[in-house]
Amino acid sequence: MDRTVSDERALIRLCRQGDQRSFEQLVALKRDKAIRIAFNIVGDEDEAKDVAQQAFIRLWGAIRGYDESMRFDPWFFRIVVNLSIDSYRRARKRLQSVAPLPAAGSPEEALDTGPSVPGADVAFMRRELRGIFNRLASQLGPAQRAVFTLREIEGAETGEIASILGIRESTVRNHLMQARRILRDGLRRWYPEYAKDFNG
Amino acid sequence: MTAGSDKTACDRFERCLDAYLGDALASREREAARRHASSCPECLSKLRRGDDLALFLPLSQETPSPRVTEGFWDAVRAGIEGGQPGAAEPVRRRLPAWSAVPGRGVTPFALAASILVMVLAAYMAAVAPGRIGPAADPAGPQVSVSSRPLPQTVEQVRTDDARDVQVYSMTWLDQKTAAAGNEQGSVTELILIVDAGLKL
């Protein structure tokens, strides 16, 4: 068995026995992914931090009931995703409207991230990508956004996503198809230079 | 290919590109391909020729900013030790279909408020017939009298703390004073504020 997996199981067992020091290690192990998933769903890093913290607090309360025959990650990230969806729903309701999309043909103006030189700098590109994703993904419904995040960014399998969200696999595929259509349309309309290959 | 990636990995990626795009790779191979493409701009570019939404793949490598991770565990520990309730089960509560109706929380209150206003209006009509009507017409002292008064305005208002409240207002005009040439008349206004989020 993979040593890391084995270590993680031992860690989880200790957490189930109430060992807070082990829980701190488990938090350190899962923190970045939890924040990243939450960020991709809620679209705000501070809110993502709150969601992830809340998820770990809930995990502490629920971990005694964790069935060790199940995979831990889908079980835990279900908490993260559900809290993220709730947060995203509340934010959408509160704001009513999201940040307006840029006028066609002026993505740089809307992003306000300086000159666009694709491939010039990895950090800059990621920041720009983050801006584009947040703007386009704000057009998605909560479930569509969660499915796209889990499948296309985190690389989760359809069955795993269905289990995390508590929906059927066919529903996952349907959400994914709709999310991809909306994002692709938005990309082509608002960021046409990104809708084709960088070299093209 | 980047300086950091090796040619073998790029060749391997190119060989499985069609299978990747056709979603025909086993999960482990798919994950390896994703990981490579997300850190190799040249292979990502090839992938994007078949799927422009692969643009967002590098977001899978994103790590939270130090601002977000700083003090993360301390906040989680405070939540745990402060006895914040953890979810007994990390399971999304299934809501009945009608709960998807927007503003469902407000509906019963709005209904109750409407009934209350109508009862009050009926009472006023009974005790002071002919004294109920719309607000004074600024054009002159002519006042039409309605025997079936209804709330004149219903407004959805957002409070400073982002709660939606509904404000019903209704006006009674003393017809005698209005007819006597007093444009202001004697006006009684009933304002009813419905706050669905109010804890009683």
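Chain order of the listed sequences is A and B.
Under my numbering, the first residue of the first sequence is numbered 415, with each subsequent residue one higher.
Under my numbering, the first residue of the second sequence is numbered 7, with each subsequent residue one higher.
Every residue gets a Cβ at the ideal spot worked out from N, C-alpha and C, and that includes glycine.
For Ser33 of chain B and Glu571 of chain A, what's the separation of their Cα atoms in angstroms?
Translated into positions along the second sequence, residue 33 of chain B becomes position 27. Translated into positions along the first sequence, residue 571 of chain A becomes position 157. About 7 Å.
Contact list for the stretch 574-595 of chain A against chain B, Cβ threshold 7 Å
Per Cβ criterion, the list reads Gly580 and Arg594.
Leaving out five residues on either side along the sequence, give the residues of the same chain with a beta carbon under 7 Å from the beta carbon of Asn454 of chain A.
On the first sequence, position 40 is the one that residue 454 of chain A refers to. For Asn454 of chain A, where only same-chain residues beyond five positions count, the Cβ hits under 7 Å are Thr563 and Ile567.
Contact set for Arg54 of chain B: own chain, Cβ-Cβ below 7 Å, skip 5 residues either direction:
Counted from its first residue, the second sequence places residue 54 of chain B at position 48. Answer for Arg54 of chain B: Ala60 and Leu61, listed in chain order.
According to the Cβ coordinates, are Leu543 of chain A and Leu65 of chain B closer than 8 Å?
Against the first sequence, residue 543 of chain A aligns to sequence position 129. Against the second sequence, residue 65 of chain B aligns to sequence position 59. Contact: yes.
Spatial neighbours of Phe437 of chain A within its chain, please: C-beta separation below 7 Å, excluding the five flanking residues on both sides.
The count along the first sequence starts at 1 and reaches residue 437 of chain A at position 23. So the list reads Cys429 and Trp474, once near-sequence residues are dropped.
Listing by chain order, which chain A residues have their CB less than 8 Å from the CB of Arg40 of chain B?
As a first step, residue 40 of chain B must be located in the second sequence, where it is residue number 34. Correct list: Gly569.
When the distance is taken between beta carbons, is Ala452 of chain A closer than 8 Å to Val494 of chain A?
Locating residue 494 of chain A in the first sequence gives position 80, where the first residue counts as 1. Locating residue 452 of chain A in the first sequence gives position 38, where the first residue counts as 1. Yes, these two residues count as a Cβ contact at 8 Å.
What are the residues in the stretch 25-52 of chain B lying within 8 Å of chain A by C-beta distance?
Ser33, Arg36, Glu37, Arg40, Pro47 and Ser51
Could you tell me the boundaries of the alpha helix (DSSP H) in which Glu20 of chain B lies?
Numbered from 1 along the second sequence, position 14 holds the residue referred to as residue 20 of chain B. Note, Glu20 of chain B: alpha helix (DSSP H), Lys13 to Leu27.
Three-state secondary structure (DSSP) at Leu590 of chain A?
For the purposes of this step, residue 590 of chain A is taken as the residue at position 176 of the first sequence. If DSSP states are grouped into helix, strand and coil, Leu590 of chain A belongs with the helices.
8 Å contact criterion, which Ala557 of chain A and Leu579 of chain A should meet: CB distance rounded
The count along the first sequence starts at 1 and reaches residue 557 of chain A at position 143. The count along the first sequence starts at 1 and reaches residue 579 of chain A at position 165. So it is a contact: roughly 7 Å between Cβ atoms.
The alpha helix (DSSP H) spanning Glu48 of chain B covers which residue range?
Start at 1 with the first residue of the second sequence, and residue 48 of chain B comes out as number 42. First-last of the alpha helix (DSSP H) with Glu48 of chain B: Pro47 to Gly56.
Would Ala609 of chain A count as contacting chain B if we go by Cβ distances under 8 Å?
Taking the first sequence and counting its residues from 1, the one referred to as residue 609 of chain A is at position 195. By this cut-off, Ala609 of chain A is an interface position.
So, for Glu95 of chain B: in the same chain, excluding its five sequence neighbours on each side, which residues have a beta-carbon less than 6 Å away from its beta-carbon?
Residue mapping note: residue 95 of chain B aligns to position 89 of the second sequence, counting from 1. Bear in mind that a pLDDT of 42 at Glu95 of chain B, under 50, signals an unreliable position, so the number given afterwards is only what the model happens to contain. Excluding positions up to five away in sequence, the list is empty.
If we call anything under 8 Å between Cβ atoms a contact, is His42 of chain B one with Ala81 of chain B?
Residue 42 of chain B sits at position 36 when you count from the first residue of the second sequence. Residue 81 of chain B sits at position 75 when you count from the first residue of the second sequence. Cβ distance not < 8 Å, so His42 of chain B and Ala81 of chain B don't count as in contact.
Which residue comes first and which comes last in the alpha helix (DSSP H) that contains Glu438 of chain A?
Sequence index remark: in the first sequence, residue 438 of chain A carries index 24 (1-based). Per DSSP, Glu438 of chain A belongs to the alpha helix (DSSP H) from Gln434 to Val456.
For the candidate residues B:Asp17, B:Trp79, B:Gly77 and B:Ala84, whose alpha-carbon lies nearest to that of Leu50 of chain B?
Taking the second sequence and counting its residues from 1, the one referred to as residue 50 of chain B is at position 44. Looking at the Cα atoms, B:Asp17 is the closest of the given residues.
Step through the CB atoms of chain B and report whether any lies within less than 8 Å of the CB of Gln467 of chain A.
Within the first sequence, the letter at position 53 stands for residue 467 of chain A. Closer than 8 Å: yes.
With a cut-off of 8 Å, does the C-beta of Val171 of chain B fall near any C-beta of chain A?
Translated into positions along the second sequence, residue 171 of chain B becomes position 165. Output row for Val171 of chain B: interface = no.
Taking DSSP as the reference, what is the three-state secondary structure of Leu554 of chain A?
On the first sequence, position 140 is the one that residue 554 of chain A refers to. Leu554 of chain A falls in the coil class under three-state DSSP.
Nearest candidate by alpha-carbon position, reference Val200 of chain B, set B:Met124, B:Val125, B:Pro114 and B:Gly56
Position 194 of the second sequence, counted from the first residue, corresponds to residue 200 of chain B. Measuring from the Cα of Val200 of chain B, the nearest candidate turns out to be B:Pro114.
Which residue marks the beginning of the alpha helix (DSSP H) containing Ile471 of chain A, and which one marks its end?
Reading the first sequence from its first residue, position 57 is the one you call residue 471 of chain A. Counting along the chain, the alpha helix (DSSP H) containing Ile471 of chain A begins and ends at Glu459 to Ala476.
Between Gly56 of chain B and Leu27 of chain B, how many whole angstroms is the CB-CB distance? I'm expecting something under 8 Å.
Mapped onto the second sequence, residue 56 of chain B falls at position 50. Mapped onto the second sequence, residue 27 of chain B falls at position 21. Their Cβ separation, rounded to whole angstroms, is 4 Å, which keeps Gly56 of chain B and Leu27 of chain B in contact under 8 Å.
CB contact below 8 Å: Ser175 of chain B versus chain A
The residue labelled residue 175 of chain B in the question sits at position 169 within the second sequence. No - not a single Cβ of chain A is within 8 Å of the one on Ser175 of chain B.
In chain A, which residues lie less than 7 Å from Ala81 of chain B when you measure between Cβ atoms?
Residue numbering aside, residue 81 of chain B sits at position 75 when the second sequence is read from its first letter. Here the neighbours are Gln467.
Locate the alpha helix (DSSP H) running through Ala81 of chain B, then write down its first and last residues.
Locating residue 81 of chain B in the second sequence gives position 75, where the first residue counts as 1. Phe78 to Glu87 is the span of the alpha helix (DSSP H), which, as asked, contains Ala81 of chain B.
Buried or exposed by the 16-neighbour rule on C-beta atoms within 10 Å, applied to Lys444 of chain A:
To locate residue 444 of chain A, count along the first sequence from 1; it is residue 30. Lys444 of chain A is buried by the Cβ-count criterion.
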